[in-house]
Amino acid sequence: SFCEALALARSGHSSAITDLCWTLRNLSPPVVYDYHLDLTPRLLQDLLTQVTASAQKLIDDGLKEYLKLVLLHDRKQMNKEGQFVHEALLFRDYLKIPHPAHRKAVTRLICSDHPLAVEQLRRVDGVSIRRMWRVCRFCHIQGNVEDEQHVLLYCMGNDAIVHHRNVF
14 SFCEALALAR SGHSSAITDL CWTLRNLSPP VVYDYHLDLT PRLLQDLLTQ VTASAQKLID
74 DGLKEYLKLV LLHDRKQMNK EGQFVHEALL FRDYLKIPHP AHRKAVTRLI CSDHPLAVEQ
134 LRRVDGVSIR RMWRVCRFCH IQGNVEDEQH VLLYCMGNDA IVHHRNVF
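Note that the sequence shown covers residues 14 to 181 in our numbering.
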């Protein structure tokens, strides 16, 4: 069926191949596939590389625009070569956490689906509470928004959190 679709495209008719070309051209950045060329393993590899780069850019741009995913913005992780790189499509180490409840808790924290005030007070009874008023319930210091960074890295208002931070 692929060969038939390719023959249709090459003869100027619509087919799954012309649909594929349209889709590839509409990626950002666009990927160009000239179906008049012979389909070689090298050409397929080049197309795959370009589509992967386009997907990487799309996801990366989306992460940067979505304020709730602040823990994923420009995040670096060690790749297979041992280098720290920013790659949105890289398998994350926290997904290897063996205990399902712990893995789910970390994932929810990273995706901003957690019980911290920065998220829970985003809307109360349909009213949006300004971020600066989402004060940390542990330290109660005005100006300390109860967000992921504050609670995990800076807050001194909860002995258990401070203890676990020091052990870590």
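Cβ atoms here follow ideal geometry from the backbone N, Cα and C, with glycine treated the same way.
Which residues bound the beta strand (DSSP E) around residue i?
| i | result |
| --- | --- |
| Val98 | 97-99 |
Would you mind reading off the limits of the alpha helix (DSSP H) that contains residue i?
| i | result |
| --- | --- |
| Lys81 | Here Lys81 belongs to no alpha helix (DSSP H), and DSSP marks it neither H nor E. |
| Asp32 | 29-38 |
| Phe15 | 15-23 |
| His49 | Taken as a continuous stretch (DSSP letters only), His49 belongs to no alpha helix (DSSP H), as it is neither H nor E. |
| Asn179 | 172-180 |
Please classify residue i as buried or exposed, where buried requires at least 16 neighbouring CB atoms within 10 angstroms.
| i | result |
| --- | --- |
| Glu159 | buried |
| Val45 | exposed |
| His115 | exposed |
| Arg55 | exposed |
| His163 | buried |
| Ala20 | exposed |
| Ser12 | This structure leaves residue 12 out entirely; the chain is present only between 14 and 181. |
| Leu129 | buried |
| Arg147 | buried |
| Cys16 | exposed |
| Tyr14 | In the sequence as displayed, the identity of residue 14 is Ser instead of Tyr. Burial call: exposed. |
| Val175 | exposed |
| Val131 | buried |
Pull up the CB-CB distance for residue i and residue j, whole angstroms please, since I reckon it's below 8 Å.
| i | j | result |
| --- | --- | --- |
| Ser41 | Ser67 | 7 Å |
| Arg23 | His49 | 6 Å |
| Ile123 | Leu84 | 5 Å |
* Contained beta strand (DSSP E) runs [length at least 3] in the region 83-165, N- to C-terminal order -> Along the region 83-165, the beta strand (DSSP E) occurs as fully enclosed runs of 3 or more residues at 89-91, 97-99, listed in sequence order.
* Asked: Would you say the region 87-95 touches the region 135-154, given that touching needs at least three Cβ pairs under 8 Å?
  -> The region 87-95 is not in contact with the region 135-154.
* To do: Kindly confirm or deny that the region 141-158 and the region 66-82 touch, where touching means at least three C-beta pairs closer than 8 Å.
  => Fewer than three Cβ pairs drawn from the region 141-158 and the region 66-82 lie within less than 8 Å of each other, which leaves the two stretches out of contact.
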